[in-house]
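FYI, in our numbering the residues of the sequence shown are 9 to 318. Heads up, the thing below is written out as structure tokens.
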Amino acid sequence: MEWSDRHCRHLWRLISRHALLYTEMVTTGALIHGDSERFLKYHPAEHPLALQLGGSDPTDLARCSKLAQDWGYDEVNLNCGCPSDRVQNGMIGAILMAHPQRVADCIKAMQDAVSIEVTVKHRIGIDDMDDYSGMANFVETIADTGCQTFIVHARKAWLQGLSPKENRDIPPLCYERVYQLKREFPELNIVINGGLTDLDTCAEQMPHVDGVMVGREAYTNPYVLAEVDSRFYNDPHEIPSRLQVAAQFTDYCREQMSEGQLLKYMTRHMLGLFQGLPGARRFRRHISENAHKPDAGISVLEDAIAFVSG
């Protein structure tokens with residue numbers, strides 16, 4: 009599942025026991041010069057968990073990869089797909105696709121620093137780098153370091169002319185290029201991302217690639233993950249109901265609030281939990297109107313759940 013903050017990841021983990029979760033991208037500068045605990049802290053239940061880094065300096069990336077390993081992360085991922093202006097100016101994200109040897113140097117430094125897996129997330133192209141050969145050269149250059157896993161967002165990124173939001177939707181999806189990558193590099197672990205909104209669509213990808221990553225849909229409609237374990241991991245456990253997930257997340261919120269966390273930072277991630285069910289609108293409205301208040305307590309969440317439990 010694609011990255012988000014730790015409260016969101018905890019909600020996802022209550023729904024799926026096995027899916028690999030990613031943090032939201034953290035820049036090397038934020039970890040080295042900022043409050044690293046704020047970015048690296050997570051709940052033990054979130055495993056397996058990957059830290060996604062933004063950066064382009066091999067020394068800094070190696071240092072941050074070591075931090076990830078020391079904190080117990082299962083994987084560290086280098087972001088070569090984010091198209092925002094802010095990260096472009098810092099030579100972070102999708103712009104790195106134009107510099108495959110630099111990325112390879114970064115990955116090698118990261119691998120030398122840790123024993124956990126180092127992976128890459130990238131686009132199928134950027135700007136005028138719009139043919140399969142450009143992406144294949146990027147992947148091959150990095151794979152020469154020993155990197156085995158490439159998570160491919162099946163859209164190119166227009167770094168000049170489109171906003172980050174537009175880059176999530178306007179460039180057309182081209183799954184075939186990702187399939188071709190897998191055919192030509194069968195030894196690599198190729199994971200496809202982009203436009204995957206239901207498990208049937210995810211299952212359709214599996215004959216062509218090694219895995220799928222779900223992003224926005226998991227955030228707006230988290231219960232889409234409910235059958236992941238039984239369908240893709242052959243897990244025999246009973247699928248939790250939405251109300252069971254809500255009850256467990258309420259316990260989590262209560263625990264976090266006892267440590268000083270504010271309710272609004274947790275409940276915002278569960279607004280889509282009851283999507284499509286009677287009472288879902290009242291559930292969302294009650295949380296949206298009350299969770300941000302200074303005196304908001306756990307009763308706000310409990311009252312909201314009552315709108316859908318009856």
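Where a beta carbon is used, it is the ideal one built from N, C-alpha and C, also for glycine. As the structure is a prediction and not an experimental result, all values here were calculated from the model.
Taking the DSSP output, what are the residues bridged to residue i?
i: Asp85; result: Checking the sequence, you will find Asn at residue 85 rather than Asp. Per DSSP, Gln60 and Thr127.
i: Tyr30; result: Ala58
i: His161; result: Arg131 and Asn201
i: Thr35; result: Gly62
i: Met137; result: Ile134
Could you give the residue range of the beta strand (DSSP E) that holds residue i?
i: Val122; result: Element bounds for Val122: n/a, residue is neither H nor E.
i: Phe193; result: Where Phe193 is concerned, there is no enclosing beta strand (DSSP E), given that its DSSP letter is neither H nor E.
Quick check: is the beta carbon of residue i nearer than 8 Å to any beta carbon in chain D?
i: Asp82; result: Of the protein chains in the structure, only one exists, and it is not chain D.
Count the other C-beta atoms from every protein chain shown that fall within 10 angstroms of the C-beta of residue i, then say buried if there are 16 or more, exposed otherwise.
i: Pro286; result: exposed
i: Pro180; result: exposed
i: His15; result: buried
i: Gln60; result: buried
i: Ser141; result: exposed
i: Tyr30; result: buried
i: Leu223; result: It is Gly, not Leu, that sits at residue 223 in the sequence shown. Gly223 should be labelled buried.
i: Thr36; result: buried
i: Glu45; result: exposed
i: Ala226; result: buried
i: Glu195; result: exposed
i: Asn145; result: exposed
i: Gly284; result: exposed
i: Ala58; result: buried
i: His18; result: buried
i: His26; result: exposed
i: Ala127; result: Going by the sequence as given, residue 127 is Thr instead of Ala. Result: buried.
i: Ala314; result: exposed
i: Asp65; result: buried
i: Leu104; result: buried
i: Leu251; result: exposed
i: Arg292; result: buried
i: Tyr241; result: exposed
i: Gly89; result: buried
Where do the ends of the alpha helix (DSSP H) carrying residue i lie?
i: Phe257; result: Arg250 to Met265
i: Tyr273; result: Lys272 to Thr275
i: Asn145; result: Tyr140 to Ala151
i: Asn175; result: Segment: none, Asn175 is in no alpha helix (DSSP H) and carries neither H nor E.
i: Ile100; result: No alpha helix (DSSP H) holds Ile100; DSSP gives it neither H nor E.
i: Leu19; result: Arg14 to Ile23
i: Leu279; result: Here Leu279 belongs to no alpha helix (DSSP H), and DSSP marks it neither H nor E.
i: Asn247; result: The residue asked about is misnamed: residue 247 is Ile in this sequence, not Asn. Taken as a continuous stretch (DSSP letters only), Ile247 belongs to no alpha helix (DSSP H), as it is neither H nor E.
i: Ala288; result: Ala288 to Asn298
i: Ala314; result: Ile306 to Ser317
i: Leu167; result: Taken as a continuous stretch (DSSP letters only), Leu167 belongs to no alpha helix (DSSP H), as it is neither H nor E.
i: Ser44; result: Ser44 to Leu48
Next item on the list: Evaluate the contact criterion for the stretch 291 to 300 versus the stretch 262 to 279: three or more CB pairs, one atom per stretch, below 8 Å.
Entry: yes
Next item on the list: Kindly provide the ranges of any beta strand (DSSP E) runs that are 3 or more residues long and lie completely inside the stretch 202 to 245, ordered along the chain.
Entry: 219 to 221
Check: Does the pairing of the stretch 255 to 263 with the stretch 223 to 239 give three or more beta-carbon distances under 8 Å?
Finding: no
Checklist line | Three-pair Cβ contact test at 8 Å for the stretch 112 to 124 versus the stretch 143 to 160 | finding: Touching, yes.
Notebook entry, point to check: Are at least three pairs of beta-carbons, each pair with one atom in the stretch 206 to 213 and one in the stretch 161 to 169, less than 8 Å apart?
Noted result: The stretch 206 to 213 makes no contact with the stretch 161 to 169: fewer than 3 CB pairs, one atom from each, lie closer than 8 Å.
Next item on the list: Could you tell me whether the stretch 215 to 223 touches the stretch 242 to 250, where touching means 3 or more Cβ pairs closer than 8 Å?
Entry: Result no; under three Cβ-Cβ pairs closer than 8 Å.
Next item on the list: Would you check if there are 3 or more beta carbon pairs closer than 8 Å linking the stretch 127 to 138 to the stretch 63 to 72?
Entry: no
Margin query: Assess contact between the stretch 101 to 117 and the stretch 185 to 204, defined as three or more Cβ pairs (one per stretch) separated by less than 8 Å. Is contact present?
Written below: No: the two stretches stay apart, fewer than three of their Cβ pairs being nearer than 8 Å.
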